[in-house]
Amino acid sequence: MVQSSSSFFFFSSSLSPRSFLSLKWMKSVLGLSPFLSFLLFSSLIFSIVTADSPSSLEDSVSIVDASADLNPALPPPLEGNVEKGRSYRKTFTNEWAVLIANGEKEEADRIAAKYGYTNQGRILEGENYFLFRCATTRKRSSRKTRSLQSKELSHDGEVLWMEQQISRKRVKRVALREARGVSNGKFGNGNGYEMEEILPPNDPLWTDMWYLHGASAKKNYHNIQEAWDLGYTGKGIVVTILDDGLEWSHPDIAPNYDRKASLDVNDRDEDPMPRYEYSDENRHGTRCAGEVAAVFNNSQCIVGIAYDAKIGGIRMLDGDVTDAVEAASLSHNNHHIDIYSASWGPDDDGRTVDGPAKLTKAAFEKGIKEGRGGKGNIFIWASGNGGKDADSCNCDGYTNSIYTLSISSATESGNIPWYSEACSSTLATTFSSGATGEKMIVTTDLHHACTTAHTGTSASAPLAAGIVALTLEANPNLTWRDMQHIVIRTARPLFLRAGDWQTNGVGRNVSHSFGYGLMDAVAMVKTAKNWSRVPEQHRCAQYYPSRFKSIPHGNRLQLQLFTDGCENSPEHHVGFVEHVQAIVTLKAPKRGDVQIYLTSPHGTRSTLLTKRARDTSRTGFVEWAFMTTHSWGEPSSGLWILDIDNDGWDDAELIKWDLVIYGTVTEVGSRGGDHSAPLAARSLSHLAPSTSSLSSPLPSLIFSLLLLLLILHID
1 MVQSSSSFFF
11 FSSSLSPRSF
21 LSLKWMKSVL
31 GLSPFLSFLL
41 FSSLIFSIVT
51 ADSPSSLEDS
61 VSIVDASADL
71 NPALPPPLEG
81 NVEKGRSYRK
91 TFTNEWAVLI
101 ANGEKEEADR
111 IAAKYGYTNQ
121 GRILEGENYF
131 LFRCATTRKR
141 SSRKTRSLQS
151 KELSHDGEVL
161 WMEQQISRKR
171 VKRVALREAR
181 GVSNGKFGNG
191 NGYEMEEILP
201 PNDPLWTDMW
211 YLHGASAKKN
221 YHNIQEAWDL
231 GYTGKGIVVT
241 ILDDGLEWSH
251 PDIAPNYDRK
261 ASLDVNDRDE
271 DPMPRYEYSD
281 ENRHGTRCAG
291 EVAAVFNNSQ
301 CIVGIAYDAK
311 IGGIRMLDGD
321 VTDAVEAASL
331 SHNNHHIDIY
341 SASWGPDDDG
351 RTVDGPAKLT
361 KAAFEKGIKE
371 GRGGKGNIFI
381 WASGNGGKDA
391 DSCNCDGYTN
401 SIYTLSISSA
411 TESGNIPWYS
421 EACSSTLATT
431 FSSGATGEKM
441 IVTTDLHHAC
451 TTAHTGTSAS
461 APLAAGIVAL
471 TLEANPNLTW
481 RDMQHIVIRT
491 ARPLFLRAGD
501 WQTNGVGRNV
511 SHSFGYGLMD
521 AVAMVKTAKN
531 WSRVPEQHRC
541 AQYYPSRFKS
551 IPHGNRLQLQ
561 LFTDGCENSP
571 EHHVGFVEHV
581 QAIVTLKAPK
591 RGDVQIYLTS
601 PHGTRSTLLT
611 KRARDTSRTG
621 FVEWAFMTTH
631 SWGEPSSGLW
641 ILDIDNDGWD
651 DAELIKWDLV
661 IYGTVTEVGS
671 RGGDHSAPLA
681 ARSLSHLAPS
691 TSSLSSPLPS
701 LIFSLLLLLL
711 ILHID
């Protein structure tokens, strides 16, 4: 169905003023009647729309078919494009990240003092990166510091690398201005009740938890109570919320609070208590935490999804958010913390392209390699709230990272929320708020209060974190990749309404708006219980051999790349797909006019980038890794096709692109717990371009009538 949108692009672009001049020419020069002119012109347009390739378009770019040189050792993409169109201005702080050859704290202290800095401490636990602060440098400046002091520091023999820290804009992913908390009623105590002993619980907002019971629960969408009935409540699992603080004294949170999972990165102490002010803007983290681990049956607010899990908070959004701040937050005590939940990211304004910088990327990699005793931390990320600005979460380097479990939202009626962003990196969905009049998420709030108005993908990520905690309790030996496999196999596409559901090459339904569907807690814990660990992850990378391809305005560039999955390189061989990246460098007069699609050898078409009207940047993309999960489980070998549409007023240029496939040598497990459509023999017709946009006769009839009226009025 995604293919049809591309066809419509060419259909629409064909209806230019020159097209209507062609109609006039048919009528006057050829002497055709209006009706015959209409039939002739419509047949030409229809042939363009249903064409199998852009080679059928006048002045289109020729198709390039090449088998690229295998290069399994292709380096990871550079972290480029950390910018925000023409209005973006970097803000430099008075802090530097410094890599010291001798990683001892005493040596870092000595070097810092020698050049007039103070050592603020280690950034990444167990690594030799330190944060230096200079008191004589302005705390915030639009210009990079070029002092003799910093130059001398950079030339010190013990300094291997240093970088002045930049304050990066990070936004909380709430969908609207949320209501303040309501009274919590009487305080109680107690924890650890068995579900069968007290049902329903006495928590005052239990009846407002529509996503756990009532009309929705009768349809068993998240199946959380069913997981509780099996005895899974999050016991032994530790979750931390990366946010603006955590009111850990809240009576619905305090019994489950974990100091070891908490930190104040903003003020550099161990207490994540939020900064209080009249607007209560720092309530976001407390709201997210309650969703995960609010205490069961204690006469307070709500029941957490994993109400026996331990909960921590890392205060890191209430101040300058730098690369060092993010890295320190994501790597804190990663052997103790199981799950990190983040409901924030770069600005969802439809024009920002931003992602993890050097240290944050290192923190992710450290977490998946060393966290949880080598099994890997689970990083859960809200997919973004830029729907009203036609944003794409594939321009967010956190949600489109292979290391994060990206979560989208669905309304109580199963629709796409107005704030939702569609992209191919989204893995699954949980419930959240919708349009005016639809229900929101209930949770804990500041001042020991409760709220019935938590919204956006901010509310979806913690709900997912709670479900993941239940799953880890069922099988604590799951790796970070095991968890992604289980989410994909058990997510439910039924009930969710979207126009872009497609069946991929292994028979699973997937959508750019919802990923593989609603997370199903009981299916996840049952699948996890008997899960065998996935094989080792391999990485197969290929360069596209030809560079600098022009993309004329109003046209498409199509590039074809054959791969055998690096089968001749045992350490890089990928037989079956998990994540796929198209690493793209291109220039465009207006970046938002570019659209990118990737089609797998099995016909699964992923929209990597949609048109973003607000993105007027001329920067283009520099080594940007667009990611898709839509071909998960498919064999990797065959022809991969990259389509780039340029809907702008001037030519664009593709500098280069590389294909990177992550996956396993052998197929993973059976499909026993899969909730997607059953795998069946598929005809070769799925490889043909879709014409579903023309399948409905009504739009075509309306369009034809309008076109006929225009012809009749041509002088």
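Heads up: the sequence shown begins at 1 in full-length UniProt numbering, then just goes up one per residue.
For every residue, glycine included, the Cβ atom is placed at its ideal position computed from N, Cα and C.
As the structure is a computational prediction, the values presented were derived from the model and not from experiment.
| said: For residue 717, report the span of its beta strand (DSSP E) as first-last. | reply: It is not possible to answer for residue 717, since the shown part of the chain is limited to 1 through 715.
| Per DSSP, what kind of secondary structure is HIS284 in: helix, strand or coil? | helix
| request: Just tell me which of THR599, ALA541, ALA97 and THR604 has its CA closest to the CA of residue 716. | output: The first residue shown for the chain is 1 and the last is 715, placing residue 716 beyond what the model contains.
| request: Per DSSP, which residues does ARG99 bridge with? Please list them. | output: Looking at the sequence provided, one finds Leu at residue 99 rather than Arg. Answer is TYR129 and TRP161, bridged to LEU99.
| request: Buried or exposed for PRO570, please, with buried defined as at least 16 other CB atoms from any protein chain shown within 10 angstroms of its CB. | output: exposed
| field | Extent of the continuous alpha helix (DSSP H) run through LEU463 | value | Run containing LEU463: 456-474, per the alpha helix (DSSP H) assignment.
| Per DSSP, what kind of secondary structure is PHE364 in: helix, strand or coil? | helix
| Taking DSSP as the reference, what is the three-state secondary structure of PRO545? | PRO545: coil per DSSP, three-state reduction.
| field | Three-state secondary structure assigned by DSSP to ILE339 | value | strand
| message | In this structure, how does DSSP classify ALA328 when only helix, strand and coil are distinguished? | response | helix
| Excluding sequence positions up to five away, which residues of its chain have a Cβ less than 6 angstroms from the Cβ of ALA261? | VAL238, THR240, GLY312 and ILE337
| query | Can you tell me the Cα-Cα spacing of MET627 and PHE514, whole angstroms? | reply | 15 angstroms
| request: Can you give me the start and stop residues for the beta strand (DSSP E) that LYS587 sits inside? | output: 576-587
| Counting pairs of Cβ atoms below 8 angstroms between the segment 612-626 and the segment 515-525, do you hit three or more? | no
| From ILE655 to ALA582, what does the alpha carbon distance come to, in whole angstroms? | Taken atom to atom, the span from the alpha-carbon of ILE655 to that of ALA582 is near 13 angstroms.
| message | Whole angstroms are fine: how far does the CA of ILE407 sit from the CA of PRO346? | response | 16 angstroms
| request: Let me know the secondary structure DSSP gives GLN558 once reduced to three states. | output: strand
| message | Contact between the segment 304-323 and the segment 142-155 is defined here as three or more beta-carbon pairs at a separation below 8 angstroms; is this criterion met? | response | no
| query | If we count Cβ pairs, one from each stretch, closer than 8 angstroms, do we get three or more for the segment 374-393 versus the segment 456-474? | reply | yes
| Straight-line gap, SER329 to LEU242 (C-alpha atoms, nearest Å) | 7 angstroms
| message | In the DSSP assignment, the beta strand (DSSP E) including VAL238 goes from what residue to what residue? | response | 238-243
| said: Between TYR307 and GLY234, how many whole angstroms is the CB-CB distance? I'm expecting something under 8 angstroms. | reply: The Cβ separation is near 7 angstroms, so the contact holds.
| For the putative contact between ILE486 and ALA528, defined by C-beta atoms under 8 angstroms, what is the C-beta separation to the nearest angstrom? | 6 angstroms
| task | Assign ILE486 to one of three DSSP states: helix, strand, or coil. | result | Here ILE486 carries a helix assignment [DSSP, helix/strand/coil].
| task | Just tell me which of ILE224, VAL295 and THR451 has its CA closest to the CA of PHE431. | result | ILE224
| contact_flag[the segment 285-301, the segment 243-259] where n(CB pairs < 8 angstroms) is 3 or more | yes
| message | Give me, in chain order, the residues of the same chain whose beta-carbon lies closer than 7 angstroms to that of ASN189; leave out the 5 immediate sequence neighbours on both sides. | response | Only weak support exists for where ASN189 lies, its pLDDT of 33 falling under 50; the value from the coordinates is given anyway. So the list reads ASN298, once near-sequence residues are dropped.
| field | Touch test, the segment 365-373 against the segment 416-427, Cβ-Cβ under 8 angstroms, three pairs minimum | value | Contact fails: fewer than three Cβ-Cβ distances are below 8 angstroms.
| field | In DSSP terms, what LEU405 is bridged to | value | Bridge partners of LEU405: ILE380.
| query | What's the gap between the Cα of TYR597 and the Cα of ASP244? | reply | Roughly 36 angstroms separates the two Cα atoms.
| request: Grab me the residues of ASP109's own chain with a C-beta within less than 8 angstroms of its C-beta, minus the 5 sequence neighbours each way, in chain order. | output: ASN119
| DSSP beta-bridge partners of TYR257 | ILE311
| said: According to DSSP, PRO635 sits in a beta bridge with which residue or residues? | reply: PHE576
| request: Using the Cα positions of LYS90 and GLN165, report the straight-line distance between them to the nearest angstrom. | output: 10 angstroms
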